[in-house]
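Here's the structure we're looking at; comments come further down.
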Amino acid sequence: MTSAQPYPHSVVNPATEEVVAKVEYAGTAEADAAIERAARAYDGWRAVAPADRARLLRAFAAAVDADRENLAATEVANAGHTISNARWEAGNVRDVLEYYSAAPERNFGRQIPVAGGIDVTFKEPLGVVGVIVPWNFPMPIAGWSLAPALAAGNTVVLKPAELTPLTAIRLGELAAQAGIPDGVFQVIPGRGAVVGRRFIEHPAVRKIAFTGATVVGQQIMAGCAAQVKRVTLELGGKSANIVFADCDLAAAAASAPYAAFDNAGQDCCARSRILVEQSAFDEFMALLEPAVRGVRVGDLLDESAEMGPLISAEQRASVARYVPDDAPVAFRGTAPSGSGFWFPPTVLAPVGRDSAAFREEIFGPVLTVVPFRDEDEAVRIANDTEYGLSGSIWTRDLGRGLRVARGVQAGNLSVNSHSSVRYSTPFGGFKQSGLGRELGPDALDAFTETKNVFISTSGNNS
Ligand code: NAD
Numbered sequence: 010m011t012s013a014q015p016y017p018h019s020v021v022n023p024a025t026e027e028v029v030a031k032v033e034y035a036g037t038a039e040a041d042a043a044i045e046r047a048a049r050a051y052d053g054w055r056a057v058a059p060a061d062r063a064r065l066l067r068a069f070a071a072a073v074d075a076d077r078e079n080l081a082a083t084e085v086a087n088a089g090h091t092i093s094n095a096r097w098e099a100g101n102v103r104d105v106l107e108y109y110s111a112a113p114e115r116n117f118g119r120q121i122p123v124a125g126g127i128d129v130t131f132k133e134p135l136g137v138v139g140v141i142v143p144w145n146f147p148m149p150i151a152g153w154s155l156a157p158a159l160a161a162g163n164t165v166v167l168k169p170a171e172l173t174p175l176t177a178i179r180l181g182e183l184a185a186q187a188g189i190p191d192g193v194f195q196v197i198p199g200r201g202a203v204v205g206r207r208f209i210e211h212p213a214v215r216k217i218a219f220t221g222a223t224v225v226g227q228q229i230m231a232g233c234a235a236q237v238k239r240v241t242l243e244l245g246g247k248s249a250n251i252v253f254a255d256c257d258l259a260a261a262a263a264s265a266p267y268a269a270f271d272n273a274g275q276d277c278c279a280r281s282r283i284l285v286e287q288s289a290f291d292e293f294m295a296l297l298e299p300a301v302r303g304v305r306v307g308d309l310l311d312e313s314a315e316m317g318p319l320i321s322a323e324q325r326a327s328v329a330r331y332v333p334d335d336a337p338v339a340f341r342g343t344a345p346s347g348s349g350f351w352f353p354p355t356v357l358a359p360v361g362r363d364s365a366a367f368r369e370e371i372f373g374p375v376l377t378v379v380p381f382r383d384e385d386e387a388v389r390i391a392n393d394t395e396y397g398l399s400g401s402i403w404t405r406d407l408g409r410g411l412r413v414a415r416g417v418q419a420g421n422l423s424v425n426s427h428s429s430v431r432y433s434t435p436f437g438g439f440k441q442s443g444l445g446r447e448l449g450p451d452a453l454d455a456f457t458e459t460k461n462v463f464i465s466t467s468g469n470n471s
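Numbering (my numbering), first residue to last: 10 to 471.
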């Protein structure tokens, strides 16, 4: 058996290490067959009247809503998410489908004044879109691409991450139940190097929407270049949470752990670097300690659980490398012992600004804290990274909040909050955190080409 052949894969519950399902992974031939099915379905799907495409997306949203508890329970078992997070994630897929169900009837072009005729633009779909999803937020990240792509009239082939295929497979079933025509949305579980690679190589796939590690995104972008294939990249992050001495320190400290440890820190937007104004450093650390110790890590089905395990033994080993025995641990929270890939919330301070823990995306519940002298230095430290995905600024000075938000080179900033992603606002990265934007009112731009048509109104056909 080679990796390019189909094979059964065991899906493991990261909280218990038990096998929860066996999934058949596609080989190259299956991936090609799915892509070709999607290509055949394209003409029919783009021809569906806008109001009917909207109705079908609303029916898909309703099917997701009706299955929300099942989807959430599946994600708890497959990805080790807490039940409250998993419910939110399933609800987010529903919301995103509903939001973009309004798009087919509002996919406007423009009428541009020109001499001798009428000039109009159309937003044409691209064809088959390949969506490649990571394991950290399997449901929302799938929804953010598939919903606008389908709304624009594309057909979609989606590859979930190797470790977390179950909710994506279920979304494929729900789409079919809702009446989305055959071949329009297909989920193809398999390896990145097999199925993902075919998305990039196969000429019928006209666009890749990739979310994952920066190093993989670089390879995908290079692969897409051969066919000038459109590509959107949502990649890694090492975001700063900048705390000024004039802010509501208690609120900043109480919320900081959740901005770093949600989803066990396996969050591209994790604010894993806290920068604190020197004059408030000691007070902030004193407030942060009980907040970190208070994070509830454990029984995922308990509605009060706040953090689960890491996704795999490999991920835990990778995170643990940033916390060697002599690491400067300021304090840490708790985690269950025994089976499961648990890792306690951990705060490192003081850390050097050139240390690996401060510079690299750890993708686990480890955060670092450093002091800064003034506003300029805060912005300089925040920007001293190749990443630029998100960040937070805590201050009571509105002018400073806006100045620093404008100064930080990142796609998603929040002032006195840690919000990053709302389906109605654009999301994406600066620098090596990504290319292009998802979500928000303009998301269909990433799944359409602009076509310009001039219609002569002069009598002589010139
Ligand atoms: P990953 O890059 O290893 O894998 C992501 C997906 O790409 C998987 O489906 C994988 O099978 C596939 N893949 C891997 N190699 C491939 C190849 N050569 N060709 C085609 N497909 C390939 O990432 P991961 O470990 O699953 O997720 C963690 C990373 O994702 C982190 O760096 C995180 O910051 C990033 N992320 C970014 C965002 C964002 O919106 N910016 C959101 C979530 C996660």
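All C-beta atoms, glycine included, are put in the ideal place defined by N, C-alpha and C.
query                                                                                                                                                                          : result
Taking its Cβ as the centre, do 16 or more other Cβ atoms sit within 10 Å of A249, making it buried, or is it exposed?                                                         : buried
Sorry if obvious, but does the Cβ on I150 come closer than 7 Å to a heavy atom of the ligand NAD?                                                                              : yes
Decide yes or no for the touch test of the stretch 351-364 against the stretch 326-336: beta carbon pairs closer than 8 Å, at least 3 of them.                                 : yes
Compute the minimum distance between the beta carbon of V142 and the heavy atoms of the ligand NAD, and state whether it is under 7 Å.                                         : yes
Taking the alpha carbon of R46 as the reference point, which residue from V165, Q236, V360 has its own alpha carbon closest?                                                   : V165
Write down every uninterrupted run of the beta strand (DSSP E) in the stretch 352-386 whose length is 3 residues or greater and which is fully enclosed by it, in chain order. : 355-357, 375-381
Does the distance between the C-beta of E98 and the nearest non-hydrogen atom of the ligand NAD fall short of 7 Å?                                                             : no
What are the start and end residues of each continuous alpha helix (DSSP H) run of 4 or more residues lying completely inside the stretch 100-133, in chain order?             : none
Please report the Cβ distance between A9 and L453, rounded to the nearest whole angstrom; I am assuming they are in contact, meaning their Cβ atoms lie under 8 Å.             : Lying outside 10 to 471, the shown extent of the chain, residue 9 is not represented and no answer is given.
Pull up the DSSP beta-bridge partners for G139, would you.                                                                                                                     : V166, I217
Using a Cβ-Cβ cut-off of 8 Å (strictly less than) and excluding sequence neighbours within five positions of D308, which residues of its own chain qualify?                    : A314
Strictly by DSSP, which residues pair up with Y16?                                                                                                                             : Y34
Hey, A151 and L172: beta-carbon distance below 8 Å or not?                                                                                                                     : no
Is DSSP giving F208 helix, strand or coil here?                                                                                                                                : helix
Could you tell me which residues DSSP puts in a beta bridge with A249?                                                                                                         : R282, G400
Starting from V240, trace the beta strand (DSSP E) both ways and give me its first and last residue.                                                                           : 239-243
Beta strand (DSSP E) containing A58: first to last residue?                                                                                                                    : Neither: A58 is in no beta strand (DSSP E) and is coded neither H nor E.
Relative to the ligand NAD, is the shortest distance from any of its heavy atoms to the C-beta of S442 smaller than 7 Å?                                                       : yes
Any heavy atom of the ligand NAD closer than 7 Å to the beta-carbon of K216?                                                                                                   : no
Cutting at 7 Å between CB atoms, please list the residues of its own chain near T11, excluding the five before and the five after it.                                          : Reliability fails at T11, whose pLDDT of 46 lies under 50, so the model's placement of it is uncertain and the value that follows must be treated cautiously. Cβ within range, chain order: n/a, list empty.
Taking the alpha carbon of V142 as the point to measure from, which residue in A414, N116, T377, P174 has its own alpha carbon closest?                                        : P174
Is the beta carbon of G361 within less than 7 Å of some heavy atom of the ligand NAD?                                                                                          : no
Nearest-angstrom Cα distance between S428 and G136?                                                                                                                            : 33 Å
Which residues share a DSSP beta bridge with E458?                                                                                                                             : E133
Report back the beta-carbon spacing between A259 and W403 to the nearest angstrom; my notes put them in contact at under 8 Å.                                                  : With 8 Å as the limit, A259 and W403 do not qualify as a contact, their Cβ atoms being about 11 Å apart.
Less than 7 Å separating the Cβ of F372 from some heavy atom of the ligand NAD?                                                                                                : yes
What are the boundary residues of the alpha helix (DSSP H) that includes L296?                                                                                                 : 290-302
At which residues does the alpha helix (DSSP H) containing V332 begin and terminate?                                                                                           : Here V332 belongs to no alpha helix (DSSP H), and DSSP marks it neither H nor E.
Measure how close the beta-carbons of I320 and W144 come, nearest whole angstrom, since I'm counting them as under 8 Å.                                                        : 5 Å
Does the count of Cβ pairs from the stretch 59-73 and the stretch 15-24 closer than 8 Å reach three?                                                                           : no
Which partner residues of V338 appear in the DSSP bridge assignment?                                                                                                           : L357
Between P59, D61, G100, R67, which lies nearest to N79 when the distance is taken from Cα to Cα?                                                                               : G100
Take G342 and list the residues in its own chain whose beta-carbon comes closer than 6 Å to its own, dropping the five residues that flank it on each side.                    : V301, R302, V304, P353, P354
Does at least one heavy atom of the ligand NAD sit under 7 Å from the Cβ of V193?                                                                                              : no
Expressed to the nearest angstrom, what Euclidean distance is found between the alpha-carbon atoms of G408 and D385?                                                           : 14 Å
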